[in-house]
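K.L.:
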Amino acid sequence: MNTLAYIVYLFITFFITVRTGLLFYRNGRVYIVTLLKDDGHLADAINKMLLTGYYLLNLGYAAVMITYWKTIASITGLLTSIAGMTARIMLTLAVIHFMNMAAIYFFSKRNNHHLINHTM
Amino acid sequence: MKTSLNFTAYLIYLPVVIILTWYVAHILFRNSKVFMLDIFNGRTDIAISTNKLFETGFYLLNLGFALTIMEEATDIGSNRNLLEILSAKIGGFSIYLGVMLFFNLYLFFRGKKVAKQKARLAEAVKIIDANR
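Chain order of the listed sequences is A and B. The working numbering applies: residue 1 is where the first sequence begins, and numbers increase by one. The working numbering applies: residue 1001 is where the second sequence begins, and numbers increase by one.
#1: Please classify A:Gly40: does DSSP put it in a helix, a strand, or coil?
#2: Contact criterion: CB-CB distance below 8 Å. Does A:His97 meet it with respect to chain B?
#3: With a cut-off of 8 Å, does the C-beta of A:Gly21 fall near any C-beta of chain E?
#4: Shorter than 7 Å, the distance from the beta carbon of A:Val33 to the closest heavy atom of the ligand GDP, or not?
#5: Specify, as a first and last residue, the run of the alpha helix (DSSP H) that B:Asp1075 falls within.
#6: Taking the Cβ atom as the reference point for each residue, do B:Leu1053 and B:Thr1044 lie within a distance shorter than 8 Å?
#7: Got a sec? Which residues, its chain only, sit under 6 Å from B:Ile1046 by beta carbon, not counting five neighbours each side?
#8: Suppose the cutoff is 6 Å on Cβ atoms and the five residues either side in sequence are ignored; what does the same chain contact list for B:Ile1090 look like?
#9: Taking only runs that begin and end inside the region 1026-1108 of chain B, name each unbroken alpha helix (DSSP H) of 4 or more residues, in chain order.
#10: Assign A:Leu42 to buried or exposed, taking buried as 16 or more other Cβ atoms, counted over all protein chains shown, within 10 Å of its Cβ.
#11: Give the interface partners of A:Met1 over in chain B, defined as CB-CB distance under 9 Å, in chain order.
#12: Starting from A:Ile12, find everything on chain B with Cβ-Cβ shorter than 9 Å and list it in chain order.
#13: Assign B:Trp1022 to one of three DSSP states: helix, strand, or coil.
#14: Do we get a CB-CB distance below 8 Å when we pair B:Gly1064 with the residues of chain A?
#15: By a C-beta neighbour count over all protein chains shown, 10 Å radius and 16 as the cutoff for buried, is B:Tyr1010 buried or exposed?
#16: With distances taken from CA atoms, which of A:Asp39, A:Ser81, A:Met90 and A:Asp44 is nearest A:Arg19?
#17: Do A:Tyr9 and A:Ile82 come within 8 Å of each other at the CB atom, strictly closer than that value?
#18: Got a sec: is the Cβ-Cβ distance from A:Thr71 to anything in chain B below 8 Å?
#19: For B:Asn1079, which residues of its own chain have a beta-carbon under 8 Å away from its beta-carbon, when the five flanking residues on both sides are left out?
#20: Is there at least one Cβ from chain B nearer than 8 Å to A:Asn58's Cβ?
#21: Under three-state DSSP, which class holds A:Ala73?
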């Protein structure tokens, strides 16, 4: 029954990782362009690399988590363990995501300070 | 030995919680676009992107939290116990969602205030430069 759990779990986390990865890729591009004051080429390259790194880290993390899986006793345990492990991945993703946004926010504040001093 | 009702509880809990999260996120981030457009001062692309990014993070965080609290360690024996435990979990999660909603609103309002201050500052600088 563990094998079934692994398959369902990997399916769910693959779906979540790929979907959020594409969302971040598409919506984060504006931020990179704005921060680097770029026309798009450098931003596209950086964005692509970030996406690749993101996939590697997250899919790898999800896969490694399987080694910590407890033996499943029943169908209830199956549901519980899949939910718990998926929850851990989602919470990790959320924390990383918000830390990223905070970092971008502070970077842009530092850039803007530079600009405001110029006009004064 | 009668099987415990835990599985039934999970089967009821999961859809309710997912629908609740979807509903709150949908309402919150449909109406936050106005705030975003205001904060980013007309730059539509970055406003919509920020909105989408916050929405994704919101979903991840809240669904993750819902799944974390799903597990019920005690064996649910009767229907009465089932309803009590379900109420406790779903109710608690609703309260948490409400807190998240208000926290997000607070962040949006704060961002709007900062954007207004920056706009006023930029206006003042323009006037000073023009009168120089």
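Note that beta-carbon positions come from the ideal geometry of N, C-alpha and C, so glycine has one too.
P.N.:
So, from the data block:
#1: coil
#2: yes
#3: The question asks about chain E, but that chain is absent: this structure's protein chains are A and B.
#4: With respect to the ligand GDP, the structure offers nothing, as it holds no ligand at all.
#5: Premise fails: B:Asp1075 is in no alpha helix (DSSP H) and is neither H nor E.
#6: no
#7: Phe1040
#8: Val1016
#9: 1044-1068
#10: exposed
#11: Result: empty, since nearest Cβ-Cβ is about 14 Å, beyond 9 Å.
#12: Near A:Ile12 there are no residues of chain B at all, since even the closest Cβ is about 10 Å away, more than 9 Å.
#13: helix
#14: yes
#15: buried
#16: A:Met90
#17: yes
#18: no
#19: Leu1005
#20: no
#21: coil
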